[in-house]
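2 protein chains.
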Amino acid sequence: MGARSPEARYQEIERWLRRRVLDATPGDPLPSESELAAQFRVSRMTARQAVQNLAAEGLVQRRRGAGTFVAPRPIHRHEGSLMSFTEDMRRRGMKASSRLLEAGLRPATTADLEALRLPDGARVVAISRLRLADDVPLAIEHAALPAECAGVLADDLETGSLHESLVARGYVPALSRAWIRARIASATAARLLEIPARSA
Amino acid sequence: MGARSPEARYQEIERWLRRRVLDATPGDPLPSESELAAQFRVSRMTARQAVQNLAAEGLVQRRRGAGTFVAPRPIHRHEGSLMSFTEDMRRRGMKASSRLLEAGLRPATTADLEALRLPDGARVVAISRLRLADDVPLAIEHAALPAECAGVLADDLETGSLHESLVARGYVPALSRAWIRARIASATAARLLEIPARSA
DNA sequence: TCAAGGTAGTTGTCTAGTCATTTCGCAGGA
DNA sequence: TCCTGCGAAATGACTAGACAACTACCTTGA
Chain A
198 MGARSPEARY QEIERWLRRR VLDATPGDPL PSESELAAQF RVSRMTARQA VQNLAAEGLV
258 QRRRGAGTFV APRPIHRHEG SLMSFTEDMR RRGMKASSRL LEAGLRPATT ADLEALRLPD
318 GARVVAISRL RLADDVPLAI EHAALPAECA GVLADDLETG SLHESLVARG YVPALSRAWI
378 RARIASATAA RLLEIPARSA
Chain B
198 MGARSPEARY QEIERWLRRR VLDATPGDPL PSESELAAQF RVSRMTARQA VQNLAAEGLV
258 QRRRGAGTFV APRPIHRHEG SLMSFTEDMR RRGMKASSRL LEAGLRPATT ADLEALRLPD
318 GARVVAISRL RLADDVPLAI EHAALPAECA GVLADDLETG SLHESLVARG YVPALSRAWI
378 RARIASATAA RLLEIPARSA
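So this is what it looks like as structure tokens:
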């Protein structure tokens, strides 16, 4: 069977495991591939793919002959650390994605000029992306970068990372040189509200 | 067949592909899974594993229906598709930090209203932070959230994560998804998803 | 000339197994 | 008590298929 549904079976298992990992403590055993296969009514190879993906991420540890276990110190490193939307969602067992809304050049606003220390009349690369968690729009990101960074437009911002694009193109100084200033305006939208608590 | 030899078949194919990638230029096509399977006399699933491993490393790019190609930047390999600013900086041995510039309420712009699907006249929580790498300003982030999220202002955004603050306050619960879906479904004009189409 | 449609090729997902290798608990004996 | 060997269970590797979804290309028709 192909990918007839928006989510593949192994991805479903993956998400289920992710949630389990979150509620577990490092070292805890996870269901074996066979158990997962039986539980989700799939073949072992399909269940295996889910576990392997998590292992590749470092969330779980696989020990041949023994089993699969929650990886030691799953995370937790905030010292002034800002987790990315994607990372955050992923750890919550949700599928994070982003959709490119707009990308192009526009004149810089006065705020842009000041923040980026650009000369009057400069233009900026404007990029807008919609962030989704489990295909539900959760946030909108607007980014404005100096026109010198226009090269990032050629990259695949649908699925890739803006930071990565910048770094790959050498716009982030390896040494403290400030010739790169990116102004990234990020409008994070969180759909809150306390609707009736309904169990997931 | 099990791993009777020190090297598995898929690892052999992986090495062969690695060499090819090194001698190729970004964008070059690589043999298809079927070709690899025939060449190495293995099943397609085995050849596939080799290619997938390289794709996970970022060495090659896979495009459904098209083929597998040498990744744009063989030098710079990532494992995660989306790296956070902090993570990216840390890999470069730089210290990532952020400084709170501004936080308060302001009227939502029309863009905010549309993106977040807020009623006219709504206000948003605006948060501006400066991101630094080794104390060198690299980016400015402006976040706009619905006014209901105002509680996050009380948190220490200087050192903490915005996402974490939101989550801690229950603003990004899985529970809200149903509500969001309903809201989207009712908005028939929510066709902004098709608008963007921009190719590399 | 240009657009629509078909088609071959490629990746994505999945099945239902097999065999190899490793780990670990447990029974049984010294 | 110790420890040795056996076997169950788990992961690792692999097969030989299948269908689905997508892309690039080419043909056909207006």
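Note that the protein sequences, when read in sequence, are chains A and B.
All residue numbers in the first sequence are consecutive under my numbering, ending with 397.
All residue numbers in the second sequence are consecutive under my numbering, ending with 397.
Virtual Cβ for every residue (Gly too), placed ideally from N, Cα, C.
- For B/A244 and A/R212, the gap between their C-alpha atoms comes out near 27 Å.
- By the C-beta density criterion, A/E204 is exposed, having fewer than 16 other C-beta atoms within 10 angstroms.
- Per DSSP, the beta-bridge partners of A/V257 are A/V267.
- Boundaries of the alpha helix (DSSP H) harbouring B/A234: 230–237, taken from the DSSP string.
- CA-to-CA, the gap between A/E232 and B/A252 works out to about 29 Å.
- Membership of A/D220 in the alpha helix (DSSP H) is indicated by the continuous run 206–220.
- The Cβ atoms of B/F266 and B/L214 do not sit closer than 8 Å to each other.
- With respect to the 8 Å criterion, A/F237 and A/R206 are classified as neighbours on the basis of their beta carbons.
- Beyond the five residues adjoining it in sequence on each side, B/N250 comes within less than 6 Å, by CB distance, of E211 in the same chain, given in chain order.
- In this structure, B/A247 and B/L256 do not form a Cβ contact; the two beta carbons are roughly 11 Å apart against a cut-off of 8 Å.
- With contacts defined by Cβ atoms closer than 8 Å, B/G264 and B/S229 form a contacting pair.
- If you draw a straight line from the Cα of B/E254 to the Cα of A/R259, it comes to about 19 Å.
- In the DSSP secondary-structure assignment, B/P226 is bridged to B/F266.
- Within the model, the alpha-carbon separation for A/P223 versus A/M242 is close to 25 Å.
- As the crow flies, the alpha-carbon of B/D220 is around 35 Å from that of A/R261.
- The C-alpha of A/D225 is placed about 19 Å away from the C-alpha of A/A234.
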